[in-house]
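In what follows, a structure is listed as structure tokens, so that the remarks can point back to it.
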Amino acid sequence: MSENYAYPLADDWTTDEIITVTHFYQLVENAYELSQGVLISELTDAYRAFKTIVTSKSQEKQLDKAFSKVTGYSIYLTMKTSRETTKKSVKMSTGREER
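Below is the structure:
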């Protein structure tokens with residue numbers, strides 16, 4: 001994480017839920033920041049766990065918008081790219097996708 005900012009979190013989440021969501025956010029960040037990106041299997045597992053907490057599409061969109069505002073990174077584009085690539089990892093760059 002290159003900057004100090006607060007991840008978007010819901011007030012009614014438990015500590016375990018916050019940890020789960022934060023782990024997913026960190027993997028999305030790593031897809032942009034780490035030279036090797038992140039393993040798609042790890043990202044997909046974290047997304048599944050995230051979706052057990054964030055069950056509605058509208059809440060997911062709101063969190064993605066808030067996450068993008070503070071980080072400059074897109075959850076949506078990261079997950080879309082991870083589904084479309086044939087590689088084992090996904091590496092994102094700001095402004096465009098890398099496969």
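Residues 1 to 99 (full-length UniProt numbering) are what the sequence shown spells out, left to right. Backbone N, C-alpha and C fix where the C-beta goes; we use that ideal spot for every residue, glycine too. Keep in mind the model is a prediction, meaning the values are calculated, not measured.
Under the DSSP definition of a beta bridge, which residues are partnered with residue i?
{"i": "V90", "result": "V38"}
Return the residue from the list the options that minimises the CA-CA distance to residue i.
{"i": "G72", "options": "A31, S56 and E42", "result": "A31"}
{"i": "L77", "options": "T86, K87, K91 and V70", "result": "K91"}
{"i": "S82", "options": "S58, N4 and Y47", "result": "Y47"}
{"i": "A10", "options": "S35, T85 and T55", "result": "T55"}
{"i": "T52", "options": "V21, E84 and Y7", "result": "V21"}
{"i": "K69", "options": "T86, T94 and L34", "result": "T94"}
Assuming residue i and residue j make a contact with CB atoms under 8 Å, what is their CB distance in whole Å?
{"i": "F24", "j": "A49", "result": "7 Å"}
{"i": "K88", "j": "L43", "result": "About 11 Å separates the two Cβ atoms, so there is no contact after all."}
Is it right to say residue i is buried, meaning 16 or more other beta carbons lie within 10 angstroms of its own, or is it exposed?
{"i": "S74", "result": "buried"}
{"i": "E84", "result": "exposed"}
{"i": "V28", "result": "buried"}
- Query: When the Cβ atoms of the stretch 13 to 20 are set against those of the stretch 60 to 76, are three or more pairs found closer than 8 Å?
  - Reply: Cβ pair count under 8 Å is below three, so no.
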